[in-house]
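Asker: Residue numbering for the sequence shown follows our numbering, beginning at 66 and increasing consecutively.
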Amino acid sequence: MHVDLARELKAHLSARLAEATGPVTASDLGPGGWVRPALGLAPIGPGQAHLAIRLAIKDDVDVLLAGLDDAVLEEIDVRVIGVVRALSSPTPEQLQQGTRPLHPGLSVGHGAVTAGTLGGFVRVGGRLALLSNSHVLAASGDAAIGAPVLQPGPADGGVDDDRVATLAAFEAFLADGRANLVDAAVAVLDAEVPVEPGRFPGGPLSDEVLAVDDVEPDEPVEKVGRTTGHTRGRISAVEVDGVAVQYGDVVHTFDDQVEIDGATAGFSAGGDSGSVIWRSSDRTPLGLLFAGSETGGRAGGGVTFANPLATVLDVLGLQWVAS
66 MHVDLARELK AHLSARLAEA TGPVTASDLG PGGWVRPALG LAPIGPGQAH
116 LAIRLAIKDD VDVLLAGLDD AVLEEIDVRV IGVVRALSSP TPEQLQQGTR
166 PLHPGLSVGH GAVTAGTLGG FVRVGGRLAL LSNSHVLAAS GDAAIGAPVL
216 QPGPADGGVD DDRVATLAAF EAFLADGRAN LVDAAVAVLD AEVPVEPGRF
266 PGGPLSDEVL AVDDVEPDEP VEKVGRTTGH TRGRISAVEV DGVAVQYGDV
316 VHTFDDQVEI DGATAGFSAG GDSGSVIWRS SDRTPLGLLF AGSETGGRAG
366 GGVTFANPLA TVLDVLGLQW VAS
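1. Going by beta carbon distance, what residues of the same chain come within less than 8 Å of residue 106, once the five residues before and after it are set aside?
2. Have a look at residue 129 and residue 111 and give me their C-alpha separation to the nearest angstrom.
3. Of the choices 360, 270, 332 and 304, whose alpha-carbon is the least far from that of residue 385?
4. Does the count of Cβ pairs from the segment 210-226 and the segment 308-316 closer than 8 Å reach three?
5. By Cβ distance below 6 Å, which residues in the same chain neighbour residue 322 in space, the five residues on each side in sequence not counted?
6. Leaving aside the five residues before and after residue 192 along the sequence, list all residues of the same chain whose C-beta is less than 8 Å from its C-beta, in chain order.
7. With C-beta atoms as the reference, is residue 230 less than 8 Å away from residue 214?
8. Quick check for students: name the residue ranges of the beta strand (DSSP E) that lie wholly in the segment 109-176, counting only runs of 3 or more.
9. Considering residue 67, what are the terminal residues of the alpha helix (DSSP H) in which it resides?
10. Quick one: what's got a C-beta closer than 7 Å to residue 86's C-beta in the same chain, skipping five residues either side?
11. Do residue 137 and residue 120 have their CB atoms nearer than 8 Å?
12. Assign residue 92 to one of two classes, buried (16 or more other C-beta atoms within 10 Å of its C-beta) or exposed (fewer than that).
13. Under three-state DSSP, which class holds residue 219?
14. Output the boundary residues of the beta strand (DSSP E) element that contains residue 8.
15. How is residue 384 classed by DSSP in three states: helix, strand or coil?
16. Since residue 352 and residue 359 are thought to touch, with beta carbons under 8 Å apart, how far apart are those beta carbons, to the nearest angstrom?
17. Quick check: what's the CA-CA separation for residue 314 versus residue 345?
18. Relative to the C-alpha of residue 382, which candidate in 177, 104 and 251 has its C-alpha closest?
19. In three-state DSSP terms, what is residue 252?
20. Buried or exposed for residue 284, please, with buried defined as at least 16 other CB atoms from any protein chain shown within 10 angstroms of its CB.
21. Classify residue 314 as helix, strand or coil using the three-state DSSP reduction.
22. For residue 299 and residue 334, which I take to be in contact (beta-carbon distance under 8 Å), what is that distance rounded to the nearest angstrom?
23. Taking only the alpha-carbon atoms, compute the straight-line gap between residue 134 and residue 347 and give it to the nearest angstrom.
24. Buried or exposed: which applies to residue 291, given that a residue is buried once 16 or more other Cβ atoms fall within 10 Å of its Cβ?
25. Tell me the residue span of the beta strand (DSSP E) that contains residue 390.
26. What ranges does the beta strand (DSSP E) occupy inside the segment 265-299, keeping only unbroken runs of at least 3 residues that lie completely in it?
27. Express the C-alpha separation of residue 377 and residue 139 in angstroms, rounding to a whole number.
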């Protein structure tokens with residue numbers, strides 16, 4: 066419908082809600098005994114809009130829309146969104162603690178490393194698993210399949226009793242100067258370890274992972290990591306070949322990587338390795354953070370490098386789990 070008609074319909078329903086002497090909807094979640102629906106406009110084309118109605122529970126739909134004719138109902142965009150709460154980002158101190166349920170951004174690590182970041186959750190062979198870097202979960206390939214993964218990581222006080230998962234697979238680094246594609250590993254969750262896969266700052270990420278060819282320069286991006294928490298940046302280069310990364314006394318080279326600049330400072334720091342990076346515009350996951358520098362970049366805080374997440378999933382045969 067024309068946007069002006071949508072506004073009139075919005076005003077009509079708003080007045081109906083305001084004049085009610087009792088609950089207009091069926092929900093019983095707010096301090097007054099119900100949660101008022103949110104009304105707005107959902108653009109569908111130039112000068113055209115649907116009335117957007119956002120409700121707390123499904124039972125509210127029939128109550129609110131009772132009496133409206135079919136022609137009006139066709140012009141309404143109704144969504145049940147649950148209870149709306151103020152959102153906040155976890156602090157690095159919170160991310161470094163032992164935390165259950167597990168969620169993205171937390172400190173994790175193999176017993177022989179310091180600590181990295183739980184990037185997100187995947188399925189491997191049908192089993193739910195956590196995703197991070199090889200140098201976080203597999204001690205850069207020195208660990209044996211079946212080794213325990215701790216949360217928090219050893220640098221944050223993790224001990225044997227903090228085991229949450231078992232190393233299931235990692236991509237071995239190539240030697241002799243040959244280029245690598247990913248620094249990635251996956252660990253299958255131990256039985257009955259509670260998880261919240263969609264607990265990212267701002268809510269769950271998209272179900273679909275961004276294709277490698279669709280990762281574009283200058284896109285605003287975000288991540289949540291063990292050391293610097295929730296940060297924002299911008300993709301500064303794609304298809305970056307010949308990225309030489311120092312791993313202790315060894316240097317490994319990586320091709321087809323994504324480079325990110327921090328928005329106001331460094332996008333990441335040591336311990337953020339393993340973080341999943343997502344596109345801010347639509348919350349589509351696109352990268353697995355694995356390395357960075359301390360200098361350079363537009364903001365002077367260094368640059369961050371990430372494996373394309375689609376490549377990680379393909380190499381290790383994984384399925385992304387959004388929520």
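C-beta atoms are modelled at their ideal positions from N, C-alpha and C, and glycine is treated no differently. Keep in mind it's a predicted model, so treat the numbers as computed, not measured.
Answerer: Result, derived from the coordinates:
1. 68, 71, 72, 75, 114, 115, 116 and 117
2. 28 Å
3. For residue 385, the closest of 360, 270, 332 and 304 by C-alpha to C-alpha distance is 270.
4. no
5. 305, 308 and 370
6. 233, 253 and 254
7. yes
8. Whole beta strand (DSSP E) segments, 3+ residues: 113-120, 141-145 and 172-175.
9. Note, residue 67: premise wrong, no alpha helix (DSSP H); not H, not E.
10. With a pLDDT of only 44 at residue 86, under 50, the local geometry of the prediction cannot be trusted, and no value is derived from it.
11. no
12. Interpretation of residue 92 is limited by its pLDDT of 47, a score under 50 that renders its predicted location unreliable; the figure taken from the coordinates is listed afterwards. Buried, because 16 or more other Cβ atoms sit within 10 Å of the Cβ of residue 92.
13. helix
14. Past the boundaries of the shown model lies residue 8; the chain is included only from 66 to 388, so the question cannot be answered.
15. strand
16. 20 Å between Cβ atoms; not a contact.
17. 36 Å
18. 251
19. Reduced to three states, the DSSP call for residue 252 is strand.
20. buried
21. Three-state DSSP puts residue 314 in coil, outside helix and strand.
22. About 18 Å; that fails the 8 Å criterion.
23. 34 Å
24. buried
25. Residue 390 is absent from the structure shown; the chain starts at 66 and stops at 388.
26. 285-290
27. Rounded to the nearest whole angstrom, the CA to CA distance from residue 139 to residue 377 is 43 Å.
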